[in-house]
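Some notes on the structure that comes next.
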Amino acid sequence: MDLIGGGVVGVAFSDLEKAFIKVIKTIARFKSTFKRLKATMDAIDLIFKDTRKLEQILERPQTELDFFAEELRRGTDLILLCWKIKSWNLYKKYVYSKKLQSFDQELTRFFQINVQAHQVRSIRQVSKGVSDVSVKLDVVKGEILHDVLEKIDSMSVTCSSSCSSRKYLGSAYVGEIPDLVLGLDLPLEELKVMLLKDNSVLPTVVVLSAPPGCGKTTLANMVCADSTIKKKFKNIFFVTISKAVNIQIAVKTIFKQKGCLDELLEFRSDEDAINQLGQFLKQIGGEPDKDPILLVLDDVWSPGLEAFVQKFRFKEIPEYKILVTSRFASKLHLEYKLKLLNDKDAKELFCHSVFPSGSEHLKISDKTVNEVVKACNGFPLALNVVGLSLRGKPEETWKTTLNKWSKGRSSIFDSNSILLNNLKTSLDALDEEKGMETVKEGFLDLGAFPEDQRISSTILLDMWVESYDLDEQGMETYTNLIELSTRNLLNVVPTRKDDPSDLDGRYCNGHFVTQHDMLRELAIHQSSQEAIELRNRLITEIIGKGQPKDWVGMLKQPLTARLVSISTDDTFTSIWPDIKLPEAEVLILNFRSKNYALPQFMEHMNQLKVLIVTNYGFSPANLKDFPVVGHLSNLRRIRLEHVSISSTLSCSFGFQLINLEKLSLTMCEIGNALDNCANMFPHLRDIEMEYCRDLVELPVGICDIVHLEKISITRCNKLFGLPEEIEKLINLQSLRLNSCTELEKLPETIGCLQELSLLDISDCLSLSEMPIQIGDLKGLRILHMRGCSGMDELPDSFEELEDVTVFCDKETAKLWEDYTNVEIILVKEDINLDWLH
């Protein structure tokens, strides 16, 4: 070969090819990898020859590309090492196959960027020329220039194909679609419907979102390869954005895919690049008779997704659609959330990964296979990676792995670094963004709750307010929750769309949060990297009558954990060890037993601010040893769920929680526990009661807590009235009585609540009238009363109110037709029953 006159690079490349020929003739264990590498080397050969012609014309030194010789020599050594690998050594074959792929990608990148730049520079120098080389210039233009430009473009196709199996579809380089694709047929059809509709019907941008490793890019490739899409969109551009967002490179990629190398100029700025892109797209699709355009922006990492995509929108182009794949959800654009695989598809994908020939499946019991598939929770990446890690292993290894996962001795991520690194990128991105510290910490906190359980959004907000010194009345805590949802790190499931003017700070009141088990496992894994005595979060589980092995380490010295979560099953005996948690601020106790005693070590948790006790059993549990909380002088928030507090909260205990500000009771049996609670909670500001079935009237004792600012009683279906003593709550600002279907009336003394600014009586179906003194509520600004179908008329005293906004449905709005002093906002009924699960 005549590669740059036989220079250093030419010699190195020649040695590489000789080694390649020697090895490829003798072994077949890297067949597919060598095939891709051969395609790359063939393309390099052509480019080298054209480069040599240019060098001769310019009489340039032959050493300008010699810096690449060392990389070629490394490749030679790598190929010769592959020759020595035995056919039975699967591990080394896997490792060296990855190294060969990496080398192939480095070759491709070098010749796509460095050599192309070198050639373009040479071509420009030839083009400028001087008069005494005009003959040579004619030769170059007529004979070489066209060939070089054409081969540079074809080289990009060939080399790209060799390293990532991408194929050319008219104007887009679309990745290869796997032989086995599961669970994407329906999403493909639904995405096609979104993209094929007129722009006047749907927005021009569709965002395909899901956590990493769920198949977003594969689905985008399927869209581009679909015959209906190709028939509609004659111009399809596929640009991978990834983490390092570079607008100028993205624009150049689009130009290149259309073959417009003359347009590959150095842009003055991002704005200049976008302007030139707009002009270019308008030329090819700006008129009704022009070909429609589909632009795919794959793997958009930017948290400012809307702002980034907005740069690529050009409203003057009528037939122009943008499909975005991102791990971020979209707030402004039409969104399609890709779901995980169902059980059937998950098992098929896993078996395809772990049993490529199918025959080995007979060696592993179906029960064991199902258990591993279940542990992967329908996550495509996990199914593939775990399947590869277990391929060829005996069933004993499978069972040992499952046993470690189930008992918490190891994580699915411990043996699968590929899976860990892929999912962890979403957390790494938070580290690199300013102001995202508390968002990441909030994600890690989610590992403290049991898998497959819904989490009340108010629990998270309470935790974050106290843990990260956030403003409860502001939007910061809520914004963190939405940020995690936007990044697909959790799902916010509303029971009802909230009204936009819900000004008392509970923007997600009644909503709950769910999280995929794989993401929960990631949170726990990331929280468990340090020694147990140094961890910021202590998350542990007790199954049966024994104690976790890591508790041995807990007993030796005080622990520094800020958040402590202990989950127990229905066989737990409530015998707690004496562990020391002097710095803990949040304690979460999850259990399933009928009787549950609070741990005695709580007495010494002097910094504890938040206590969350949740029973996940079928019936309310008896909560014992509650007086232990009397030692916690810094305790500010208590949440009890699905427990009986009839005897738990008794003033006979004789202690005060002087700093307690909020008490939340969900699905609790209350009895008479709150009749005389003013002494126990002298500074309580907020009380919530939800789904408390035995609550028939607001306990009179609550009316003696004069510092109360908020009362929320929702979905307590047996509540029929409020006491006249409610007039004592002169500091009350918010009163919610949402979905109390048996509530018959409000007391006239409600008119004494001069600080009350929000009243919510939505879905109080039995409420037939409003008290006459309602007109005395001079501070009332917001009134929710949708679903009040039992009310026939309103008192005239409503005319005395000013600056009141009423949220109601169409039927209730008729009651307000004669009132001109209020603003009526119609609320569309949108009930979500997902909370029933």
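1 is the number of the first residue of the sequence shown in UniProt numbering; add one for each residue after it.
Ideal Cβ positions, reconstructed from N, Cα and C, are used throughout, including at glycine.
Subject >> Buried versus exposed, by CB contacts within 10 Å (16 or more), D132 >> reply: The residue given as residue 132 occupies position 132 in the sequence shown. Model confidence at D132 stands at a pLDDT of 40, short of 50, so the residue's coordinates are unreliable; what they give is reported in the following sentence. Its Cβ having fewer than 16 others within 10 Å, D132 is exposed.
Original post:
Going straight from the alpha carbon of I566 to that of L538, what length do you get?
Top reply: Taking the first residue of the sequence shown as position 1, residue 566 is located at position 566. Taking the first residue of the sequence shown as position 1, residue 538 is located at position 538. The straight-line gap from Cα to Cα measures roughly 8 Å.
Original post:
Do you know whose CA, among I658, I670, E709, M680, lies nearest E697's CA?
Top reply: Working through the sequence shown from its first residue, we reach residue 697 at position 697. Ranking I658, I670, E709, M680 by Cα distance to E697 puts I670 first.
Original post:
Do three or more CB pairs link the stretch 569 to 583 to the stretch 594 to 614 at distances below 8 Å?
Top reply: yes
Original post:
What are the boundary residues of the beta strand (DSSP E) that includes M689?
Top reply: Residue mapping note: residue 689 aligns to position 689 of the sequence shown, counting from 1. Start and end: 686 to 690.
**OP:** Classify N615 as helix, strand or coil using the three-state DSSP reduction.
**Re:** Taking the first residue of the sequence shown as 1, we reach residue 615 at position 615. Strand.
Subject >> Nearest candidate by alpha-carbon position, reference D299, set G775, F238, P450, I317 >> reply: In the sequence shown, the residue the question calls residue 299 occupies position 299. Answer by Cα proximity: F238.
Subject >> Check whether K662 and E466 have beta carbons under 7 Å apart >> reply: Residue 662 sits at position 662 when you count from the first residue of the sequence shown. Residue 466 sits at position 466 when you count from the first residue of the sequence shown. No, the pair does not count as a contact, with Cβ atoms beyond the cut-off.
Original post:
Where DSSP assigns a beta bridge to V493, which residues make up the other side?
Top reply: In the sequence shown, the residue the question calls residue 493 occupies position 493. F512.
**OP:** Using only alpha-carbon positions, find the residue among H784, P747, K745, Y468 that is nearest to I761.
**Re:** Within the sequence shown, the letter at position 761 stands for residue 761. When each option's Cα is compared against that of I761, the closest is H784.
**OP:** Please classify L323: is it buried, with 16 or more other beta-carbons within 10 angstroms of its beta-carbon, or exposed?
**Re:** In the sequence shown, the residue the question calls residue 323 occupies position 323. Its Cβ being crowded by 16 or more others within 10 Å, L323 is buried.
**OP:** Please report the residue range of the alpha helix (DSSP H) in which F681 lies.
**Re:** In the sequence shown, residue 681 corresponds to position 681, counting from 1. Run containing F681: none; DSSP gives neither H nor E here.
Original post:
What is the C-beta distance between L182 and L341, in whole angstroms, given that I count them as a contact (C-beta under 8 Å)?
Top reply: Taking the first residue of the sequence shown as 1, we reach residue 182 at position 182. Taking the first residue of the sequence shown as 1, we reach residue 341 at position 341. The Cβ separation is near 6 Å, so the contact holds.
Original post:
According to the Cβ coordinates, are I588 and M554 closer than 7 Å?
Top reply: Here the question's residue 588 lines up with position 588 in the sequence shown. Here the question's residue 554 lines up with position 554 in the sequence shown. Not in contact: I588 and M554 (Cβ atoms no closer than 7 Å).
Original post:
Quick one: does G392 have its CB under 7 Å from some CB of chain C?
Top reply: Among the chains in the structure shown there is no chain C, since it carries only a single protein chain.
Original post:
alpha helix (DSSP H) containing Y819: first to last residue?
Top reply: Residue 819 sits at position 819 when you count from the first residue of the sequence shown. Element bounds for Y819: n/a, residue is neither H nor E.
Original post:
Quick one: what does DSSP say V827 is sitting in, helix, strand or coil?
Top reply: The count along the sequence shown starts at 1 and reaches residue 827 at position 827. Correct three-state label for V827: coil.
Subject >> Beta-carbon gap between C224 and I236 smaller than 7 Å >> reply: Here residue 224 refers to the residue found at position 224 when the sequence shown is read from its first residue. Here residue 236 refers to the residue found at position 236 when the sequence shown is read from its first residue. Yes; because the gap between Cβ atoms is below 7 Å, this pair is in contact.
Original post:
Is S734 near the ligand MG, in the sense that its beta carbon is under 6 Å from a heavy atom of that ligand?
Top reply: For the ligand MG, the structure offers nothing, since it holds no ligand at all.
**OP:** Report the rounded CA-to-CA distance for D226 versus S353, giving the unit in angstroms.
**Re:** Locating residue 226 in the sequence shown gives position 226, where the first residue counts as 1. Locating residue 353 in the sequence shown gives position 353, where the first residue counts as 1. The straight-line gap from Cα to Cα measures roughly 26 Å.
Subject >> Cβ separation of A429 and L402, assumed to be a contact under 8 Å, to the nearest whole Å >> reply: Counting from 1 along the sequence shown, the entry for residue 429 is found at position 429. Counting from 1 along the sequence shown, the entry for residue 402 is found at position 402. That pair is no contact at about 32 Å.
Original post:
If you draw a straight line from the alpha carbon of T26 to that of S269, how long is it in whole angstroms?
Top reply: By 1-based counting over the sequence shown, the position of residue 26 is 26. By 1-based counting over the sequence shown, the position of residue 269 is 269. Note that T26 has pLDDT 47, beneath the 50 cutoff, so the model's placement of it is unreliable and the number below is only indicative. One C-alpha to the other measures close to 52 Å.
Original post:
Rounded to a whole number of angstroms, what is the C-alpha to C-alpha distance between G285 and M194?
Top reply: Locating residue 285 in the sequence shown gives position 285, counting from the first residue. Locating residue 194 in the sequence shown gives position 194, counting from the first residue. Their backbone Cα atoms lie some 20 Å apart in a straight line.
**OP:** Return yes when the Cβ of T325 is within less than 7 Å of the Cβ of K232, no when it is not.
**Re:** Along the sequence shown, read from residue 1 onward, the residue named residue 232 stands at position 232. Along the sequence shown, read from residue 1 onward, the residue named residue 325 stands at position 325. Against a cut-off of 7 Å, the Cβ pair of T325 and K232 comes out as no contact.
Original post:
What three-state label does DSSP hand F449 in the structure shown?
Top reply: The sequence position of residue 449 within the sequence shown is 449, counting from 1. If DSSP states are grouped into helix, strand and coil, F449 belongs with coil.
**OP:** For the alpha helix (DSSP H) containing I247, list its first residue and its last residue.
**Re:** Sequence index remark: in the sequence shown, residue 247 carries index 247 (1-based). 247 to 257 is the extent of the alpha helix (DSSP H) around I247.
**OP:** Kindly indicate which three-state DSSP category I726 falls into: helix, strand or coil?
**Re:** Counting from one through the sequence shown, the residue named residue 726 turns up at place 726. Of the three classes helix, strand and coil, the one that applies to I726 here is helix, per DSSP.
Subject >> For T714, the residue or residues it bridges with in DSSP >> reply: What you label residue 714 is simply residue 714 of the sequence shown in a count that begins at 1. Per DSSP, E690.
Subject >> Closest Cα partner of E451 within the set T514, I459, L765, Q310 >> reply: Counted from its first residue, the sequence shown places residue 451 at position 451. Selected option, being the one with the closest Cα: T514.
**OP:** Compare the Cα-Cα distances from D272 to each of K252, A382, A346, E585 and report the closest residue.
**Re:** Position 272 of the sequence shown holds residue 272. Among K252, A382, A346, E585, the Cα nearest to that of D272 belongs to K252.
Original post:
If we ignore side chains and look at the alpha-carbon of each, how far apart do D262 and P211 end up?
Top reply: Translated into positions along the sequence shown, residue 262 becomes position 262. Translated into positions along the sequence shown, residue 211 becomes position 211. Low local confidence applies: a pLDDT of 46 at D262 is under 50, so the model's placement there is unreliable, and no value is given.
Subject >> Member of W816, Q754, I249, L481 whose CA lies at the smallest distance from the CA of D776 >> reply: In the sequence shown, residue 776 corresponds to position 776, counting from 1. Measuring from the Cα of D776, the nearest candidate turns out to be Q754.
Subject >> Where G779 falls: helix, strand or coil (DSSP) >> reply: Start at 1 with the first residue of the sequence shown, and residue 779 comes out as number 779. Looking at G779 - three-state DSSP - the assignment turns out to be coil, as it is neither helix nor strand.
Subject >> Neighbourhood of I274 by C-beta distance below 8 Å, restricted to the same chain and skipping five residues each side >> reply: By 1-based counting over the sequence shown, the position of residue 274 is 274. Correct list, in chain order: I247, V251, K311, F312.
Subject >> Nearest-angstrom Cβ-Cβ length linking L719 and I726, presumed shorter than 8 Å >> reply: For the purposes of this step, residue 719 is identified with residue 719 of the sequence shown, where counting begins at 1. For the purposes of this step, residue 726 is identified with residue 726 of the sequence shown, where counting begins at 1. Contact doesn't hold; Cβ gap of about 13 Å is too wide.
**OP:** Would you list the residues sitting across from residue 845 in a DSSP beta bridge?
**Re:** With the chain running from 1 to 837 in the structure shown, residue 845 is simply not present.
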